[in-house]
Every structure is written in C-alpha cells, then in structure tokens.
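Going by the numbering used here, the first residue of the sequence shown is number 67, and it counts up by one from there. By construction, the Cβ of each residue, glycine as well, lies at the ideal position given by its N, Cα and C atoms. These notes are about the structure you will find just below.
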Amino acid sequence: MTQNSDQNSLNQIDDRLMQELRERITEHLQVKDVNGEHVGTVDHLEGDRIKLTRTDSRDGQHHYIDLSDVRSADDVAVYLDKARDQLHLA
Numbered sequence: 067m068t069q070n071s072d073q074n075s076l077n078q079i080d081d082r083l084m085q086e087l088r089e090r091i092t093e094h095l096q097v098k099d100v101n102g103e104h105v106g107t108v109d110h111l112e113g114d115r116i117k118l119t120r121t122d123s124r125d126g127q128h129h130y131i132d133l134s135d136v137r138s139a140d141d142v143a144v145y146l147d148k149a150r151d152q153l154h155l156a
C-alpha cells in the first residue's frame, strides 16, 4: 500500500468509529469526566458537540462538550478524556 492509500484507510476507520460513537450517545446518558465525576446528562447531539441538559447545570443553562473530548460511551454513560476543570463548557 502507498502512504496515500494507508491514510485513506485510516480516515475511513476514524469515520466509522466516530459514527459508532455518535450512535451510542443517546438522550439521558450520564457524562463522566476522566476521574469518574459526574459532569452532566446528555440532552442530545448537536453537530460535533454534546448538548447537556440544563438540570445538571450550576447556572441553569445548556452547556456543550466537543465530541473530540469523548473517550468512549456505553449504555450507562459517556466517558470523557479530560477532568471537569479542563473542559471548556460552552
């Protein structure tokens, strides 16, 4: 394989993994930081960000987490690869 076709294969794998991750992130899942601390609850996906519910927010507003901060997801929670204080909650 050439370097170009290797890169295309890797991009296809990345795209498939991102699609699988998007399918796993559903409404009402918990969101936990790298330390297992509760960050919020999924309201829904909005583009490349997770919109959190307002009920878990200290200021009563919706906040967002970039999908690039997500390490994994299962039937219980979305797991982030950063600590809560490292997140830029928009």
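Boundaries of the beta strand (DSSP E) in which T107 is found, first to last residue = H104 to E112
D72 by DSSP, collapsed to three states: which one?
-> helix
Which class does R115 belong to by DSSP, given the choice of helix, strand or coil?
-> strand
So does the stretch 93 to 101 actually touch the stretch 68 to 83, counting three or more Cβ pairs closer than 8 Å?
-> no
With DSSP collapsed to three states, give me the class of R137.
-> strand
By DSSP, does I131 sit in helix, in strand, or in coil?
-> strand
Would you call the CB atoms of R120 and I131 closer than 8 Å?
-> no
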